[in-house]
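Residue numbers 0 to 175, in numbering that gives the first Met the number 0, belong to the letters of the sequence shown in order. See below for the structure under consideration.
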Amino acid sequence: MKIQGLAAKTSGAELEPYSYEAPSPQNFQCIIKVLSCGICHSDLHMVDNDWEMTNYPIVPGHEVIGEVIEIGSQVNHIKVGDRVGIGWQRSSCLSCRDCLRGSENLCDQMQALIATGPGGFADYLEVDSRFAFAIPDGIKTNVAGPLLCGGITVYSALRYAGMGSGLEIGVIGVGG
0 MKIQGLAAKT SGAELEPYSY EAPSPQNFQC IIKVLSCGIC HSDLHMVDND WEMTNYPIVP
60 GHEVIGEVIE IGSQVNHIKV GDRVGIGWQR SSCLSCRDCL RGSENLCDQM QALIATGPGG
120 FADYLEVDSR FAFAIPDGIK TNVAGPLLCG GITVYSALRY AGMGSGLEIG VIGVGG
């Protein structure tokens with residue numbers, strides 16, 4: 000499948016049209032038709048290679064909401080037509096201690112979406128379905144994307160700290 004996206008070809012470059020091929024999904028892979036993709040300051044850091052880990056050309060975008068259009072043979076928790084979200088992580092080993100306790104972000108084999116392949120500034124995105132999450136009908140598509148970055152950052156910190164519902168808190172400095 001030919002995918003059309005926007006990519007920076009060098010550090011600090013403006014995004015320009017870029018096309019590339021995505022294979023047919025195998026095993027746990029799926030193809031998502033991108034409906035919306037937020038922009039986070041981390042995308043800008045990656046485009047500018049501020050973290051010295053960018054591979055060019057880079058298609059940014061890690062706050063992706065899309066519709067599943069094709070799935071691999073082992074995908075069983077989402078189906079074609081589902082609206083899903085994909086955040087910073089593209090994959091991990093799913094079998095190490097960190098993965099088994101729900102901390103895939105700490106896995107030695109974790110792959111970040113835009114650090115290891117194209118992101119969501121494209122018409123389609125190929126990802127490991129185990130890192131695509133169903134988006135409830137009550138959440139608007141254009142609102143859901145940032146929840147997969149800044150939203151999950153805040154949620155994770157609150158959960159880790161044992162915070163419960165009904166508390167009033169202040170959150171400062173969310174995001175890249």
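Every residue gets a Cβ at the ideal spot worked out from N, C-alpha and C, and that includes glycine.
For residue i, three-class secondary structure by DSSP
i       : result
Cys-95  : coil
Val-33  : strand
Pro-145 : helix
Gly-101 : coil
Ala-121 : strand
Ile-134 : coil
Ala-156 : helix
Gly-150 : helix
Asp-127 : strand
Leu-43  : helix
Given residue i as reference, the closest of the options once Cα atoms are compared
i       : options                               : result
Gly-80  : Gln-88, Arg-89, Ile-70 and Gly-86     : Ile-70
Leu-43  : Gly-60, Ile-68, Phe-132 and Ala-21    : Gly-60
Lys-1   : Glu-15, Ile-30, His-76 and Val-153    : Ile-30
Val-74  : Asp-49, Asn-26 and His-40             : Asn-26
Leu-166 : Val-173, Thr-140 and Arg-158          : Arg-158
Gly-149 : Leu-14, Gly-37 and Ala-133            : Gly-37
Gly-172 : Val-153, Asn-104, Met-162 and Thr-115 : Val-153
Gly-86  : Asp-107, Ile-151 and Met-162          : Ile-151
Glu-125 : Ile-68, Pro-56, Ser-41 and Glu-15     : Ile-68
Tyr-19  : Tyr-55, Val-170 and Ile-138           : Tyr-55
Cβ pair residue i, residue j closer than 8 Å
i       : j       : result
Leu-187 : Tyr-17  : Beyond the ends of the chain as shown, which are 0 and 175, falls residue 187; an answer cannot be given.
Gly-84  : Ala-143 : yes
Gly-3   : Ala-121 : The amino acid at residue 3 is misidentified as Gly; the sequence shows Gln. Yes.
Asp-47  : Ser-10  : yes
Asp-49  : Arg-89  : no
Tyr-123 : Ala-21  : yes
Val-58  : Pro-145 : no
Ile-77  : Ala-131 : yes
Glu-66  : Cys-39  : no
Cβ-based burial, residue i [other Cβ within 10 Å; buried from 16]
i       : result
Ser-155 : exposed
Thr-53  : buried
Pro-24  : buried
Pro-135 : exposed
Leu-147 : buried
Arg-82  : buried
Leu-112 : buried
Ala-7   : buried
Ile-64  : buried
Met-109 : buried
Contiguous beta strand (DSSP E) assignments of at least 3 residues, all confined to the region 47-89: For the region 47-89, whole beta strand (DSSP E) runs of length 3 or above, ordered along the chain, are 62-70 and 82-85.
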